[in-house]
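From first to last, the protein sequence lines are chains A and B. The opening position of the first sequence corresponds to residue 13 in our numbering, with each subsequent residue numbered one higher. The opening position of the second sequence corresponds to residue 13 in our numbering, with each subsequent residue numbered one higher.
Protein chains: 2
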Amino acid sequence: MQPHESARGPHVLRQINFGAVLRAVREHSPARVADLMQATGLSRPAVTRAVAELRDAGLVADVDETAQVSMGRPAQWIRFRAEVGHVVGVDVGSHKVIAMVADLAGRVVASRQVTIGEGATGARLLQSVRDTIVEALAKADLTGEDVWAIVVGTPGIVEETSGEVLLAPGIPGLAHLPVMDELHTLTPGPVLIENDINLAVLGERWCGAAVGSDSLVFVHWGVRIGAGILIDGKPYRGAHGAAGEIGFADVFSEPDAPDPLPLVGGGTSGVSEWGAFERMVGTQAIAELADAAHAFTERDPRALLSPDAVAAVFAAATEGDPTALAVVDRIAGRFARGLAAMLLVLDPREVIIGGGLSRAGETLLAAIERHLRPRILTSPRLVLSDLGSDAVALGAVRRALDHVEARLLAHPDA
Amino acid sequence: MQPHESARGPHVLRQINFGAVLRAVREHSPARVADLMQATGLSRPAVTRAVAELRDAGLVADVDETAQVSMGRPAQWIRFRAEVGHVVGVDVGSHKVIAMVADLAGRVVASRQVTIGEGATGARLLQSVRDTIVEALAKADLTGEDVWAIVVGTPGIVEETSGEVLLAPGIPGLAHLPVMDELHTLTPGPVLIENDINLAVLGERWCGAAVGSDSLVFVHWGVRIGAGILIDGKPYRGAHGAAGEIGFADVFSEPDAPDPLPLVGGGTSGVSEWGAFERMVGTQAIAELADAAHAFTERDPRALLSPDAVAAVFAAATEGDPTALAVVDRIAGRFARGLAAMLLVLDPREVIIGGGLSRAGETLLAAIERHLRPRILTSPRLVLSDLGSDAVALGAVRRALDHVEARLLAHPDA
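Structure (structure tokens):
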């Protein structure tokens, strides 16, 4: 084969081999060349060359031989230098910011959570995001200079290339904030912004309730409702970054009810404050249903909207309280209706229920199952989130690591 | 670079080059080597070798030089031998079977449509499918021996690898019929079975209303309702081959209405006869709405369920009849509700409305647009099907051609 026959040839192969050996050494570190040959299926010369490139790039190092016990001449052990770089995953929510710092092996080395006041919009919100990241880095004795990538998850619809938050009904003042510009002053590394639920599904696939799943829907169920979709193991964003917005589906009104007010164009944030589905079955609707059913007889009605109030209903249901059980059954029935519409469209293999309601536990899960099964044609596995409120930040870490890896593969010498 | 360094190297490149040149010569036939170099970006030796392989495989031939006018020494012209093989695309519907025969360039050289009687189930249905194919081939002076692939589209959920029709509420007796076994006695080529709407979307992308689209939803709207989904240019089937079954979505009942009877497990075909959405907005519901609105005062009520009756409503609406316009507005509003739920989940770039209702024309399309826009967050392009009742068969032809091409790339010598 002549080198000039195709411009794609040796270069592509070198990249493929480099990537395969990088993944193998990261997974099996420390490893010998023979281990890496077995893990990758590559020949000894190919592995040796890739290891040399990885060593030049500072990504692997030889393990000190005296640390190894061996008969005869010791084989050379190579370890992945996970500590050579770090990434930051950030979750910007309506009430809190979480920043997690991880090394290149994905080990979280520091994290920081900051509560955001109701009025924190615009510049103050931006400052909180920045401060949270800086404080998390400081806990790990790092600065922005050490960061190879930052990924920020926010609610709303995010434009893929610019990272601009186009619509964010959940956080007034977030849309069109210069998050990326602000964070670029913090680090020379790349900054990516992504819809939070699209990151949560990545987190659960990485180390949560559906490890390695190739066909997964993550439904965030809290005050708001939205879904992250994973197809062939990759996030599905839709043509305009707006896939999974099931919270806006209108599945309860009468057949010939008048059209709703337009979703887009109204409200202070450019999008309708609430979707029809989340209005009927979000945390607030649950609290109202529970109140109407007198499941809160001894509570202060002003506590109704706190997460504790909703948690109390599920606790009572788990203990067998008939009023609470009836409330749980009713909201599970409503939730199943909207979930079924989405599952009939997507037919995923696995469904994770996340967000605040994932803490409601097995009583709620069983009720959803009961109402869902008659409404769908196939049988996806239905589970609760493993990662809870860490899902978005962990997904952001995963996304940042993927970005770093893609850059390394494209420019191994950089 | 050593040949032993990676087993994937030269072989993969040879396949890539072979495929690139195959596509280029098919598209530009007849073409010169220089044209193919330009179309593929490959070097002259790479193109020349691929052309030699294609010639050995019988897929290209040199054009007779005397047919070309040229100053000086004529360049060699190569043409794609589209006539060397044929494929068959079949649409098995509840009332008809269509078979189309196409050459390897995708040119339809013969087609045959046969009406199926109400009672045609089991062996008789199978025989009709076979007869329709044989008759279509005979019109092109071909037999099953000449066929490189047959793809059959049927309603229902089709198991991907076995081609078994698992659930087919639309055609009683179709589920579990040995369609593949029957057709394997007709041709030595491969036989594939696929959901009809998944094929329709391929057809529209190939030569219909959304040529080349990478993000497309095709909604079949007739007696039944279902959708074909195309993501990154490829059909999305879901984890169990059941994606797009929006006809079963329950988007009209009251919030706390009791659950429906289970969709799966009932009825003679193992699945509920009708989905909630199609029951409210399928052709039959339209006829009933029109009847209730006295849009048919001068018609025989028994004609209500014929396609003509529904067509009459749309014709009257187009002419400005207020009663008919009100009916169209009402069904468009209902349809928009279910369509919105799907579009909020998928966020496609383009939406095609196909099936019988696609013939209703611009009056219906405008009414759908009006009811849909307030209900969604993004702005997909909404169009009517270009291919009408040919969409499934043409999509089956496209799928068969893709299958032939994939086999050629994997085994160029076969």
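Every residue gets a Cβ at the ideal spot worked out from N, C-alpha and C, and that includes glycine. None of these values were measured; they are calculated from a predicted model.
Segment limits, beta strand (DSSP E) that includes residue i
i: Gln453 of chain A; result: This structure cannot speak to residue 453 of chain A, because chain A is shown only from 13 to 426.
i: Phe230 of chain B; result: Ser227 to Trp233
i: Asp103 of chain B; result: His98 to Val104
i: Trp160 of chain A; result: Val159 to Thr166
i: Val416 of chain B; result: Looking at the DSSP string, Val416 of chain B is not in any beta strand (DSSP E); the run it does join, the alpha helix (DSSP H), is Ala403 to Ala422.
i: Ser370 of chain B; result: From DSSP, Ser370 of chain B is part of no beta strand (DSSP E); its letter is neither H nor E.
i: Ile241 of chain A; result: Ile237 to Ile243
i: Pro247 of chain B; result: Lys246 to Tyr248
i: Leu178 of chain B; result: Val177 to Leu179
i: Ala114 of chain B; result: Lys108 to Asp115
Residue closest to residue i, alpha-carbon to alpha-carbon, out of the options
i: Ser44 of chain B; options: B:Val75, B:Gln27 and B:Ala327; result: For the record, residue 44 of chain B in the displayed sequence is Arg; it is not Ser. With distances taken between Cα atoms, Arg44 of chain B lies closest to B:Val75.
i: Ala286 of chain A; options: A:Val322, A:Lys246, A:Phe264 and A:Val235; result: Reading off the sequence shown, one finds Trp at residue 286 of chain A, where the question assumed Ala. Minimum Cα distance to Trp286 of chain A is reached at A:Val235.
i: Thr173 of chain A; options: A:Thr133, A:Val33 and A:Met192; result: A:Met192
i: Thr295 of chain A; options: A:Gly368, A:His306, A:His188 and A:Asp333; result: A:Gly368
i: Arg411 of chain B; options: B:Glu95, B:Thr60, B:Gly70 and B:Gly118; result: B:Gly118
i: Val293 of chain A; options: A:Val339, A:Pro270, A:Glu95 and A:Glu331; result: A:Val339
i: Thr199 of chain A; options: A:Glu157, A:Ala111, A:Ala323 and A:Gly373; result: A:Glu157
i: Pro272 of chain B; options: A:Asp398, A:Ser41 and A:Leu389; result: A:Leu389
i: Gly129 of chain B; options: B:Ala135, B:Ser106 and B:Ala187; result: B:Ser106
i: Ala150 of chain A; options: A:Ser123, A:Gln139 and A:Ser140; result: A:Ser123
i: Gly245 of chain A; options: A:Leu420, A:Val263, A:Ala87 and A:Arg361; result: A:Arg361
i: Leu399 of chain A; options: A:Arg371, A:Leu377 and A:Arg419; result: A:Arg371
i: Arg249 of chain B; options: B:Ala135, B:His415 and B:Glu171; result: B:Glu171
i: Val96 of chain B; options: B:Arg291, B:Asp68 and B:Ala87; result: B:Asp68
i: Val113 of chain A; options: A:Ala305, A:Gly224, A:Val223 and A:Glu147; result: A:Glu147
i: Pro386 of chain B; options: B:Pro184, B:Leu355 and B:Thr197; result: B:Leu355
i: Gly9 of chain B; options: B:Ile183, B:Gln27 and B:His415; result: The structure shown does not extend to residue 9 of chain B, since chain B is modelled only from 13 to 426, so the question has no answer here.
i: Pro274 of chain A; options: B:Gly175, B:Glu381, B:Ala323 and B:Val263; result: B:Glu381
Proximity below 9 Å, CB of residue i to CB of residue j
i: Val231 of chain B; j: Gly366 of chain B; result: yes
i: Leu394 of chain A; j: Ala161 of chain A; result: no
i: Gly259 of chain A; j: Leu178 of chain A; result: no
i: Val93 of chain A; j: Leu116 of chain A; result: Reading the sequence as shown, one finds Arg at residue 93 of chain A and not Val. In this structure, Leu116 of chain A lies closer than 9 Å to Arg93 of chain A by Cβ.
i: Ala255 of chain A; j: Val229 of chain B; result: no
i: Ala5 of chain B; j: Val121 of chain B; result: Beyond the ends of chain B as shown, which are 13 and 426, falls residue 5 of chain B; an answer cannot be given.
i: Asp359 of chain A; j: Glu257 of chain B; result: yes
i: Ala36 of chain B; j: Ala51 of chain B; result: yes
i: Ala261 of chain B; j: Pro392 of chain A; result: no
i: Leu154 of chain B; j: Gly407 of chain B; result: no
i: Trp233 of chain A; j: Phe347 of chain A; result: yes
i: Ala379 of chain B; j: Gly332 of chain B; result: no
i: Ile458 of chain A; j: Thr144 of chain A; result: No answer is possible for residue 458 of chain A: the residues shown for chain A start at 13 and end at 426.
i: Phe289 of chain A; j: Gly373 of chain A; result: no
i: Ala221 of chain A; j: Leu384 of chain A; result: no
i: Ala329 of chain B; j: Ala321 of chain B; result: no
i: Ala403 of chain B; j: Glu216 of chain B; result: yes
i: Leu189 of chain A; j: Leu242 of chain A; result: no
i: Ile8 of chain A; j: Ile298 of chain A; result: Limits of chain A in this structure are 13 at one end and 426 at the other, which puts residue 8 of chain A out of reach.
i: Leu66 of chain B; j: Val24 of chain B; result: no
i: Gly168 of chain B; j: Leu186 of chain B; result: yes
i: Val159 of chain B; j: Ser140 of chain B; result: no
i: Phe264 of chain A; j: Ser41 of chain B; result: no
i: Leu420 of chain A; j: Leu71 of chain A; result: yes
Contact set between residue i and chain A, taken where Cβ atoms lie within less than 8 Å
i: Ile243 of chain B; result: Ile243 and Tyr248
i: Leu179 of chain B; result: Leu389
i: Ile298 of chain B; result: Under the 8 Å cutoff, chain A gives no residues; its nearest Cβ is about 13 Å from Ile298 of chain B.
Residues that residue i contacts on chain B, provided the C-beta gap is smaller than 9 Å
i: Pro202 of chain A; result: Those do not exist, as Pro202 of chain A stays about 24 Å from chain B at its closest Cβ, beyond 9 Å.
i: Ala114 of chain A; result: Ordered by position in chain B, no residue passes the 9 Å Cβ test against Ala114 of chain A, which lies about 30 Å from the chain.
Interface residues of chain E facing residue i [CB-CB closer than 7 Å]
i: Met354 of chain B; result: Within the model displayed, chain E is absent; protein chains A and B are what it includes.
Cross-chain neighbours of residue i in chain A, by beta carbon under 9 Å
i: Pro432 of chain B; result: The requested residue 432 of chain B is not part of the displayed model; chain B covers only 13 to 426.
N-terminal and C-terminal residue of the alpha helix (DSSP H) that residue i is part of
i: Ile298 of chain B; result: Thr295 to Ala304
i: Arg67 of chain A; result: Arg56 to Asp68
i: Leu198 of chain A; result: Note, Leu198 of chain A: premise wrong, no alpha helix (DSSP H); not H, not E.
Chain-ordered chain B contacts of residue i [CB-CB under 8 Å]
i: Glu257 of chain A; result: Leu356, Val357, Asp359 and Leu389
i: Ile209 of chain A; result: Within 8 Å Cβ-Cβ: nothing; Ile209 of chain A doesn't reach chain B, min ~13 Å.
i: Phe30 of chain A; result: Here the premise fails: no neighbours, minimum Cβ distance about 12 Å.
i: Leu275 of chain A; result: Pro386, Arg387, Ile388 and Leu389
Closer than 7 Å at the beta carbon, the chain A residues around residue i
i: Pro267 of chain B; result: Phe264, Met292 and Arg346
- request: Evaluate the contact criterion for the region 46-57 of chain A versus the region 94-104 of chain A: three or more CB pairs, one atom per stretch, below 8 Å.
  value: no
message: Count Cβ pairs between the region 205-225 of chain A and the region 236-246 of chain A that sit closer than 8 Å; are there 3 or more?
response: yes
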